[in-house]
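Structure, as structure tokens:
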Amino acid sequence: MNDVPTGESQGRRTGGRIRSQDAHDAVLATAIELVEELGYQAVTMERIAARADVAKSTVYRWWKSKPALVMDAYRTAVEQRMPEPDTGSLAGDLTAFAIALYGVTAHPVRVRTLRGLMAEAQLDPAFAEPFQEWVESRRAVVLALLARGVRRDELPATADLAAATDHFFGLFWYRLLVGHAPLQPEQAPGHVEQLLHGLLAHHDR
Numbered sequence: 002m003n004d005v006p007t008g009e010s011q012g013r014r015t016g017g018r019i020r021s022q023d024a025h026d027a028v029l030a031t032a033i034e035l036v037e038e039l040g041y042q043a044v045t046m047e048r049i050a051a052r053a054d055v056a057k058s059t060v061y062r063w064w065k066s067k068p069a070l071v072m073d074a075y076r077t078a079v080e081q082r083m084p085e086p087d088t089g090s091l092a093g094d095l096t097a098f099a100i101a102l103y104g105v106t107a108h109p110v111r112v113r114t115l116r117g118l119m120a121e122a123q124l125d126p127a128f129a130e131p132f133q134e135w136v137e138s139r140r141a142v143v144l145a146l147l148a149r150g151v152r153r154d155e156l157p158a159t160a161d162l163a164a165a166t167d168h169f170f171g172l173f174w175y176r177l178l179v180g181h182a183p184l185q186p187e188q189a190p191g192h193v194e195q196l197l198h199g200l201l202a203h204h205d206r
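The numbers in this note's numbering rise by one with no breaks, and the one at position 31 of the sequence shown is 32.
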């Protein structure tokens, strides 16, 4: 008797995995869609499951809570929209990342949603933890770019990479939240130049 699975049985197994992944992806996309449409407070796990056409029990099996699901959705989306650049230079890497980051301003709904998520993180301890994990995942990308710059001798080994990362994102979040000054992709090269100049000037003193 032949123990090798037939093409038909292989197809069934693969199809099951594909359907499961499709459902998983549908839930993530739906979570973002509803948060951007209704605001975080109005979204429920039940509403996400219904619109994604996935059983509520399945959604809860994959994510233990709404905060975990929503921030997993945003982590996945942002990683796809903004992969880690590798242009060959630190200035090029940071500039490419900043241009993509500032590009959110072309999408007013995304801007409004980011402001809402930041506010929610200050008010809801249950949401604050997954939000912070998402923030740290984005900081990790910039930290990696800066560390690569150190290895290339573009930055001194004594540079405070954590503080530089805070400066990089600090300008973005401050302007996004306060709205006192523009935040546009064409400003990114100048902002990166200022950041790197400050790091090198501090080292030269």
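For glycine and all other residues, C-beta sits at the position ideal for the given N, C-alpha and C. None of the values given here were measured: they were computed from a predicted structure.
Return helix, strand or coil for residue i, following the three-state DSSP convention.
i	result
residue 186	helix
residue 193	helix
residue 171	helix
residue 163	helix
residue 85	coil
residue 40	coil
residue 107	helix
residue 155	coil
residue 199	helix
residue 180	coil
Could you please give the first and the last residue of the uninterrupted alpha helix (DSSP H) stretch that includes residue i?
i	result
residue 63	57 to 63
residue 81	67 to 82
residue 152	126 to 152
residue 94	91 to 103
residue 53	46 to 53
My assumption, with CB atoms under 8 Å, is that residue i sits in contact with residue j. Please give the rounded CB distance.
i	j	result
residue 169	residue 200	Their Cβ separation, rounded to whole angstroms, is 11 Å, which puts residue 169 and residue 200 out of contact at 8 Å.
residue 41	residue 60	With a Cβ gap of about 16 Å, residue 41 and residue 60 do not count as contacting.
residue 29	residue 74	4 Å
(message) Between the stretch 49 to 59 and the stretch 123 to 133, can you find at least three pairs of beta-carbon atoms closer than 8 Å?
(response) A contact between stretches requires three or more CB pairs, one per stretch, nearer than 8 Å, and the stretch 123 to 133 fails this requirement with the stretch 49 to 59.
(message) Quick check: the stretch 147 to 154 against the stretch 121 to 129, are at least 3 beta-carbon pairs closer than 8 Å?
(response) They do not touch, by the three-pair rule.
(message) Count Cβ pairs between the stretch 65 to 76 and the stretch 96 to 105 that sit closer than 8 Å; are there 3 or more?
(response) Three or more beta-carbon pairs separated by less than 8 Å are not found between the stretch 65 to 76 and the stretch 96 to 105, which leaves the two stretches without contact.
(message) If contact is defined by three or more beta carbon pairs under 8 Å, each pair taking one atom from either stretch, is the stretch 78 to 94 in contact with the stretch 136 to 148?
(response) The stretch 136 to 148 is in contact with the stretch 78 to 94.
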